[in-house]
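Count along the sequence shown starting at 1, add 1, and that's the number in this note's numbering.
Think of the CB as a built atom: it goes at the ideal place given N, C-alpha and C, for glycine as much as any other residue.
In what follows, a single structure is set out as structure tokens and then discussed.
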Amino acid sequence: MRFDLITLFPDYMRNCAQVGVIGRAIERGLLGLHCWNPRDYTDDPYRRVDERPFGGGPGMVMLVDPLQRTLAAARADDGELARVIHFSPRGQLLTQARVRELATLPRLILIASRYEGVDQRFLDQHVDEELSIGDYVLAGGELAALVLLEAVGRLQAGVLHSADSAQQDSFGESGLLDCPHYTRPEHLADGEVPPVLLSGDHAAIARWRREQQLLQTAQRRPELLAHARLSDADKALLKKHGYVV
Ligand code: ADE
């Protein structure tokens, strides 16, 4: 899968994308990453990409022309059709369900804007979708674009060591949070490993993990239960622990 990032901070984005599973996937050619800087697509002698907003007010607004030219250059670099995403607190909230859908596409162009925003005419003409990563305001869309790159990138074939890792995720197929995990040593002053995990009884371990997923979701994010895939046994377990589903 190919990602094109439109950003005023290409070095920062490349550096961040160099580490961990995503960095390795880029090295191995499983993910393509191309950065495009709007400052390279302006005729302005000072490479300006922003202006004061019409109507007054604080901050600066990104100009249509450099963004339009940058996007055209990115699109022309590869015949593959791309979905264009702009990051903004005004966008739809990014969810794992949307991440899974986006992961099926061959190419995404991600626009990280700075300043107070982008001239609305550019957004109306060229952007397919606006996404937010949460109800808080960042200084720009770079971190949001990296969040999407990592969330979508890790679902591509071969990126994770085992496809099961993604299956087990919080918000996976079940719509529940992940269960707790333990590793060596078995005994610590700070607590013990739940004995069932040491039992070798795979059916009992699977039951315990499912129970933990259900209880943790009920305690921490009860609103997720409304859309989770729950069996009758799941519902009975939640009821036994005093949760109404
Ligand atoms: N840009 C600034 N804040 C943002 C947010 N919460 N999500 C996505 N892009 C942003």
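Secondary structure at Ile110: strand, using DSSP grouped into helix, strand and coil. The three-state reading of DSSP puts Gln214 in helix, counting H, G and I together. Annotation: Ile206 to Val153 spans about 29 Å, alpha carbon to alpha carbon. Non-local beta-carbon contacts of Ser171 in its own chain, meaning distances under 6 Å to residues more than five positions away in sequence, involve Leu178, Asp179 in chain order.
If you draw a straight line from the Cα of Glu187 to the Cα of Gly135, it comes to about 38 Å.
Remark: fewer than three beta-carbon pairs, one from each stretch, lie closer than 8 Å, so the stretch 89-100 and the stretch 59-72 are not flagged as touching. Counting only the Cα atoms, Val160 lies some 24 Å from Asp78.
Taking a C-beta distance under 7 Å as the contact criterion, Val128 and Ile110 do not qualify as a contact pair.
DSSP lists Gly192 as the beta-bridge partner residues of Leu189. In its chain, beyond the 5 residues on either side, Leu177, Asp235, Leu238, Leu239 have a beta carbon closer than 7 Å to the beta carbon of Leu215.
When the Cα atoms are used, Pro195 and Leu72 turn out to be separated by approximately 53 Å. Checking the DSSP bridge columns, you'll see His35 partnered with Asp5. When distances are taken from the beta-carbon of Ser163 to the heavy atoms of the ligand ADE, even the shortest one reaches 6 Å or more. Taking 7 Å as the cut-off, the beta carbon of Glu193 is found no closer than this to the beta carbon of Phe10. Membership of Phe172 in any beta strand (DSSP E) is not indicated, and neither H nor E is assigned to it by DSSP.
Ser133 and Phe88 have their C-alpha atoms roughly 6 Å apart. Secondary structure at Ile23: helix, using DSSP grouped into helix, strand and coil. Around the C-beta of Val119, 16 or more other C-beta atoms lie within 10 Å, and the residue is accordingly described as buried. In the three-state DSSP reduction, Ser163 falls in the coil class, being neither helix nor strand. Distance between Arg48 and Arg40, taken at the CA atoms: about 5 Å. Proximity to Leu139 across Ala113, Leu124, Leu156, Thr43 peaks at Ala113, based on C-alpha coordinates. Between Gly173 and Glu131, the CB-CB gap reaches or exceeds 7 Å.
Judged by DSSP secondary structure, Glu130 falls within the beta strand (DSSP E) whose first and last residues are 130-133.
Taking 6 Å as the cut-off, one finds at least one heavy atom of the ligand ADE near enough to the beta carbon of Ala145.
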